[in-house]
Each structure stands twice: as structure tokens, then as C-alpha cells.
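Chemist: Going left to right, the sequence shown walks through residues 5 to 440 as this note's numbering numbers them. Cβ coordinates follow ideal geometry from the N, Cα and C atoms, glycine included.
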Amino acid sequence: MRRSLGPALALLALPAAALGEERFPPPEFSTGYQMPAPTTPPPRAGTLAVLDVVLLAVALSLAAYLVLKRRSRNGVFALMLFSLAYFGFYRNGCVCPIGAIQNVVVAATDRSYALPAVVAAFFALPLLFALFFGRVFCAAVCPMGAVQDVVLARPARIPPWLEHALGLLPYLYLGAAVLFAATGSAFVICNYDPFVSFFRMSGTVKLLSLGAAFLLLSMFVGRPYCRFVCPYGVLLRWVAPWARWPVTITPDTCTQCRLCEESCPFGAIRVPTPEPDPALRHEGRGRLAVLLLLLPVLVAAGGWLGAHGSGRLARAHARVQLADRVWIEEQGKVRGTTDASEAFRKHGHPTEELYREAAELRFRFRDAGRLFGAWVGLVFGLKLILLSIRRRRDNYEADRAACLACARCYRSCPQEHARLGLVIDETEVPDAVDQR
Numbered sequence: 005m006r007r008s009l010g011p012a013l014a015l016l017a018l019p020a021a022a023l024g025e026e027r028f029p030p031p032e033f034s035t036g037y038q039m040p041a042p043t044t045p046p047p048r049a050g051t052l053a054v055l056d057v058v059l060l061a062v063a064l065s066l067a068a069y070l071v072l073k074r075r076s077r078n079g080v081f082a083l084m085l086f087s088l089a090y091f092g093f094y095r096n097g098c099v100c101p102i103g104a105i106q107n108v109v110v111a112a113t114d115r116s117y118a119l120p121a122v123v124a125a126f127f128a129l130p131l132l133f134a135l136f137f138g139r140v141f142c143a144a145v146c147p148m149g150a151v152q153d154v155v156l157a158r159p160a161r162i163p164p165w166l167e168h169a170l171g172l173l174p175y176l177y178l179g180a181a182v183l184f185a186a187t188g189s190a191f192v193i194c195n196y197d198p199f200v201s202f203f204r205m206s207g208t209v210k211l212l213s214l215g216a217a218f219l220l221l222s223m224f225v226g227r228p229y230c231r232f233v234c235p236y237g238v239l240l241r242w243v244a245p246w247a248r249w250p251v252t253i254t255p256d257t258c259t260q261c262r263l264c265e266e267s268c269p270f271g272a273i274r275v276p277t278p279e280p281d282p283a284l285r286h287e288g289r290g291r292l293a294v295l296l297l298l299l300p301v302l303v304a305a306g307g308w309l310g311a312h313g314s315g316r317l318a319r320a321h322a323r324v325q326l327a328d329r330v331w332i333e334e335q336g337k338v339r340g341t342t343d344a345s346e347a348f349r350k351h352g353h354p355t356e357e358l359y360r361e362a363a364e365l366r367f368r369f370r371d372a373g374r375l376f377g378a379w380v381g382l383v384f385g386l387k388l389i390l391l392s393i394r395r396r397r398d399n400y401e402a403d404r405a406a407c408l409a410c411a412r413c414y415r416s417c418p419q420e421h422a423r424l425g426l427v428i429d430e431t432e433v434p435d436a437v438d439q440r
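1) Are the CB atoms of G179 and W308 nearer to each other than 8 Å?
2) Applying the 10 Å Cβ sphere with the 16-neighbour rule, what's the burial state of N107?
3) May I have the straight-line CA-CA distance separating G377 from A169, to the nearest angstrom?
4) If you drop the 5 nearest sequence neighbours on each side, which residues of the same chain put their C-beta closer than 6 Å to that of G385?
5) May I have the straight-line CA-CA distance separating P19 from D343, to the nearest angstrom?
6) With H, G and I counted as helix, E and B as strand and the rest as coil, what does DSSP make of R289?
7) Counting pairs of Cβ atoms below 8 Å between the region 156-164 and the region 97-113, do you hit three or more?
8) With a cut-off of 8 Å on the beta carbons, I'd call C410 and V80 a contact; round off their distance for me.
9) Hey, out of S76, R74, D398 and L70, whose CA is closest to T259's CA?
10) Compute the distance between the beta-carbons of I253 and C142, then report whether it is under 8 Å.
11) Going by DSSP, what residues sit across from A273 in a beta bridge?
12) Under three-state DSSP, which class holds S201?
13) Do R415 and the ligand MG come close, with the Cβ less than 7 Å from some heavy atom?
14) Pick from D114, A181 and L59: whose alpha carbon is nearest that of V145?
15) In angstroms, rounded to a whole number, what distance separates the CA positions of T257 and F199?
16) For L129 versus L70, is the C-beta distance shorter than 8 Å?
17) Do we get a CB-CB distance below 8 Å when we pair T277 with the residues of chain D?
18) CA-CA distance, G441 and R370?
19) Buried or exposed for M84, going by 16 or more other Cβ atoms inside 10 Å?
20) Closer than 6 Å by C-beta to R366: which residues in its own chain qualify, once you throw out the five before and the five after it? Chain order, please.
21) Any chance the region 344-351 sits against the region 266-274, with 3 or more Cβ pairs inside 8 Å?
22) What residues in its chain sit with their C-beta under 6 Å from that of L183, if we drop five residues either side in the sequence?
23) Under 8 Å between the Cβ atoms of G149 and R227?
24) Run through the region 286-351 for me and flag every whole alpha helix (DSSP H) of 4 or more residues, listed as ranges in chain order.
25) Taking the continuous alpha helix (DSSP H) assigned at K387, which residues delimit it?
26) Going by DSSP, what residue range makes up the alpha helix (DSSP H) through I102?
27) With 16 as the cutoff for other CB atoms within 10 Å, does P235 come out buried or exposed?
28) Spatial neighbours of G188 within its chain, please: C-beta separation below 6 Å, excluding the five flanking residues on both sides.
29) Excluding five sequence neighbours on each side, which residues of the same chain lie with their C-beta closer than 8 Å to the C-beta of R415?
30) State the Cα-Cα distance for the pair Y196 and R316, rounded to the nearest angstrom.
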């Protein structure tokens with residue numbers, strides 16, 4: 005590479021120091037009560053938490069070096085196995101940048117919550133590296149991506165129309181995760197993580213089944229969670245196109261030999277585009293103008309639908325559920341009580357206070373639902389606009405936003421073979437290779 009990556013990698017690895025959460029001893033019970041075993045790993049002590057952040061920074065730096073400088077698929081794969089073993093099985097998939105989205109949202113919306121420095125570092129470091137080197141976190145550091153990549157056997161090509169449709173899901177998931185975290189309802193990213201139960205070797209039947217389904221699908225579809233579910237991937241897609249040193253398929257000039265065209269199992273290679281017909285270009289401009297006018301309509305309609313559907317969303321909050329249950333019990337519409345309603349009455353809190361709290365939460369959900377609906381309308385509108393824009397490309401390129409920097413496409417490039425000093429059988433290479 006023409007620019008040295010060393011200074012940038014060293015600079016990004018410096019802020020790898022963070023504070024750890026402090027643990028408190030559990031209370032002692034005189035009645036012989038045994039506290040249930042926790043379902044999530046405990047927070048790390050200070051030095052161990054710092055070690056996690058240091059290893060994350062080192063792994064990101066090494067991934068950038070292997071992808072961009074060494075251009076080594078074997079090196080990327082080895083680092084991926086280490087990340088799977090350490091951040092996945094040893095650290096039980098926690099803390100992870102994907103779930104840290106929710107902590108950041110809570111810190112931004114709740115003044116009483118202080119964002120732990122370790123969580124902030126795990127959230128920010130992959131984005132910072134993506135700004136310089138592309139999605140190297142996805143390449144070899146993310147344990148969720150690694151576990152899918154390891155089992156990939158016979159990748160099938162997904163039709164473009166289906167890939168575009170499924171590509172909307174991460175944006176919707178991100179919006180829902182922000183909504184429920186901001187309202188204090190749930191951390192849906194963590195609650196429905198398909199691989200965390202696999203890493204911890206425990207979990208509910210539903211989560212284990214979900215993880216097994218994703219692993220089975222990953223044998224034939226390249227990283228389905230990363231491409232069609234992961235909300236953190238949305239943030240990386242926003243940052244990676246601005247990378248200072250992006251992934252390039254060829255180390256030299258592209259000869260358009262087409263050997264890399266089918267090498268990417270994630271559909272992230274963009275082919276050269278022909279010169280558009282003037283009539284089609286004029287038609288495309290008209291379609292783009294209509295979609296631009298339609299965008300605010302979609303946003304407004306989405307906001308209206310989100311506000312009117314906020315009642316269902318509010319029922320995800322435990323206090324709203326409790327208020328509804330207490331109310332129907334008082335009205336005699338159900339028999340018996342639940343553990344939650346019985347515990348509420350034993351504490352002696354007035355029901356009026358519970359109803360008032362539930363009403364405030366519903367009002368908050370109405371605003372949040374309006375924003376979520378507007379977000380959905382914006383996502384659909386922008387997707388239609390982007391599909392209507394024709395980009396000019398003269399060579400085969402890795403899509404900066406979609407490329408997971410796995411280094412698979414390097415092996416297909418004759419220029420890469422020449423860089424490595426490998427002998428290429430001229431009978432197997434198209435004539436375009438010699439036209440340099």
C-alpha cells in the first residue's frame with residue numbers, strides 16, 4: 005500500500021484503557037434462601053476489563069494489518085478463530101459492541117445511568133477502526149461473524165431483489181432496539197441474541213433453537229445474521245464508506261478478468277457498469293424526482309402509524325403490563341392473581357400511583373412510536389431512492405459499506421498471484437489478464 009498503516013494502527017491502539025465495573029457481594033439470608041444462578045456473566049474486575057479492551061484494540065489492529073497490508077486470508081482466518089475462542093466462548097460474548105448500542109442509548113436518555121468506560125470502548129473502537137480501515141471488526145474480531153464464517157460450506161447466491169429486501173431488516177431492528185432501550189422496556193438485542201446461548205452453553209430452548217437455525221443457515225448463506233439482522237452492522241455501513249484505507253480486490257490495476265465476480269459469498273463485489281442510455285437516464289431522473297417528493301410522505305405516514313400503534317409497543321414494559329393486570333383483576337375480569345400483581349399489593353403501593361406511572365409510560369411510548377414509525381418510513385424511502393440512482397463503475401470493486409473484509413476475493417485476482425510470485429497457468433486465465 006502506498007500509505008503506511010503503521011502510524012494509524014499505533015494511534016488507534018493507544019486509547020485501550022478503561023475502567024471496570026465494581027462488584028458487590030450478595031446479601032446473606034437467615035432463612036436458608038438460595039439466590040438463583042445468574043444467567044449473564046458477571047462484570048469483570050478492573051484489570052481484566054482493561055485486558056479485554058486492550059485485546060480488542062490489538063485484534064482490530066492486527067485485522068487491519070492482515071487484510072490491508074499482508075492481504076492474507078489465512079491470517080484473517082487464524083485471527084478469527086482466536087476471536088471466536090476468546091471473545092465468544094471464554095468471554096461468553098459479553099461485552100460486545102452489538103449489545104453496547106443499548107447501553108449507549110440508555111446513557112443518552114437516562115441521566116441516572118453512567119455508561120461504563122469498557123462498554124463505551126467496545127462500542128466506539130470498531131467504529132473508529134472502520135473509519136480508517138473499513139469493516140475489519142467484521143473480518144476477524146466479531147465472534148458472531150466468526151462462528152458463522154467457520155461453518156460456511158456451500159454458499160448460495162441470493163437474488164439481488166431478495167438481498168435488498170432482507171437488507172432492510174437490520175435498520176428496523178436497530179430502530180426497535182433503540183425504542184425499547186430508550187423507554188426502559190428491554191434490551192432486545194441481548195434477549196434475542198442467537199449465538200450467546202451457544203457461547204455460554206446454556207439458555208432457553210427457544211434461544212438455542214434460534215442459534216441452531218442460524219448456524220444451519222450459515223452453512224449455505226454467507227453470514228446471514230451479519231448481513232440481514234445485525235444492528236451494529238448498520239452503524240458500520242454508515243462509517244466504512246469513508247474509510248481512509250479501504251479494501252481493494254486487486255493490489256494493482258484491475259484487468260477486468262472477471263475471476264473475482266463470483267468469489268464473494270456475501271455479495272459485496274460490484275461489477276463495472278455500462279454507459280447508460282440517454283433515454284433511460286432521463287427516465288431515471290424523473291423517477292428520482294418522484295421518490296424525493298414521496299420521501300416526506302413516507303416519513304409522515306410512518307410517524308402517524310407508529311404513534312397509533314404505540315399502545316401495543318407500551319405493553320412490552322413491565323410496569324405497563326403490571327398496571328393492566330392489576331386493573332383487570334380489580335374489575336373482576338380475571339380470576340386469581342399473578343406473582344407480579346401479588347407482590348405489588350404486598351408492598352402496599354397505591355394503585356393510583358401505578359396507573360399514573362403506566363399513563364406516563366404510554367405517553368412516552370407514543371412519542372417513541374412516532375419516531376420509530378418515521379424511521380421506518382425514512383428507511384424505506386431512502387432505499388427506493390438509492391435503488392433508483394445508477395452509479396458509474398469502470399472496474400470490479402468491493403462495496404465499502406457491504407464488504408466484510410474477509411480477504412476471500414484476493415485469491416481470485418491474477419494480480420495478487422503475481423504479487424505473491426505464484427506461477428499462473430496461462431491457459432486458465434482469460435486474455436484480459438495480459439492486457440496490462
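Modeler: Quick look at the numbers:
1) In the sequence shown, counting from the first residue as 1, residue 179 sits at position 175. In the sequence shown, counting from the first residue as 1, residue 308 sits at position 304. No; because the gap between Cβ atoms is not below 8 Å, this pair is not in contact.
2) Position 103 of the sequence shown, counted from the first residue, corresponds to residue 107. N107 is buried by the Cβ-count criterion.
3) In the sequence shown, the residue the question calls residue 377 occupies position 373. In the sequence shown, the residue the question calls residue 169 occupies position 165. The straight-line gap from Cα to Cα measures roughly 18 Å.
4) Within the sequence shown, residue 385 is the residue found at index 381, counting from 1. Hits under 6 Å: L299 and L302.
5) For this step, residue 19 is matched to residue 15 along the sequence shown. For this step, residue 343 is matched to residue 339 along the sequence shown. In this prediction, P19 scores a pLDDT of 48, lower than 50, which makes its location untrustworthy; the coordinate-derived value is nonetheless stated afterwards. The straight-line gap from Cα to Cα measures roughly 47 Å.
6) One-based indexing of the sequence shown puts residue 289 at position 285. Residue state, collapsed to three classes: helix.
7) no
8) As a working mapping, residue 410 is identified with position 406 in the sequence shown. As a working mapping, residue 80 is identified with position 76 in the sequence shown. About 7 Å; that satisfies the 8 Å criterion.
9) Against the sequence shown, residue 259 aligns to sequence position 255. Here the closest residue by C-alpha is D398.
10) Here residue 253 is taken as the residue at index 249 of the sequence shown, counted from 1. Here residue 142 is taken as the residue at index 138 of the sequence shown, counted from 1. Result no, Cβ atoms of I253 and C142 do not sit closer than 8 Å.
11) Taking the first residue of the sequence shown as position 1, residue 273 is located at position 269. It is Ile, not Ala, that sits at residue 273 in the sequence shown. Note: I273 sits in a beta bridge opposite A402.
12) Within the sequence shown, the letter at position 197 stands for residue 201. Of the three classes helix, strand and coil, the one that applies to S201 here is helix, per DSSP.
13) By its list of ligands, the structure shown contains no ligand whatsoever, and the ligand MG lies outside what it can speak to.
14) Position 141 of the sequence shown, counted from the start, is the residue given in the question as residue 145. When each option's Cα is compared against that of V145, the closest is L59.
15) What you label residue 257 is simply residue 253 of the sequence shown in a count that begins at 1. What you label residue 199 is simply residue 195 of the sequence shown in a count that begins at 1. If you take the alpha carbons of T257 and F199, they lie about 40 Å apart.
16) In the sequence shown, counting from the first residue as 1, residue 129 sits at position 125. In the sequence shown, counting from the first residue as 1, residue 70 sits at position 66. No; because the gap between Cβ atoms is not below 8 Å, this pair is not in contact.
17) The structure shown contains no chain D; it is built from a single protein chain.
18) Because the chain in this structure spans residues 5 to 440, residue 441 falls outside the shown range and cannot be described.
19) Start at 1 with the first residue of the sequence shown, and residue 84 comes out as number 80. With 16 or more other Cβ atoms within 10 Å, it is buried.
20) Residue 366 sits at position 362 when you count from the first residue of the sequence shown. So the qualifying residues of the chain are A318.
21) no
22) As a first step, residue 183 is located in the sequence shown; it is residue number 179 there, counting from the start. These residues qualify, in order along the chain: A372 and F376.
23) Sequence index remark: in the sequence shown, residue 149 carries index 145 (1-based). Sequence index remark: in the sequence shown, residue 227 carries index 223 (1-based). Contact flag set, yes.
24) 314-318, 322-334 and 343-351
25) Here residue 387 is taken as the residue at index 383 of the sequence shown, counted from 1. Unbroken alpha helix (DSSP H) run through K387: T355 to S392.
26) To locate residue 102, count along the sequence shown from 1; it is residue 98. P101 to T113 is the extent of the alpha helix (DSSP H) around I102.
27) Here residue 235 refers to the residue found at position 231 of the sequence shown. P235 should be labelled buried.
28) In the sequence shown, the residue the question calls residue 188 occupies position 184. So the list is empty, once near-sequence residues are dropped.
29) Residue mapping note: residue 415 aligns to position 411 of the sequence shown, counting from 1. For R415, where only same-chain residues beyond five positions count, the Cβ hits under 8 Å are R77 and S267.
30) Reading the sequence shown from its first residue, position 192 is the one you call residue 196. Reading the sequence shown from its first residue, position 312 is the one you call residue 316. Between Y196 and R316, the C-alpha separation is close to 19 Å.
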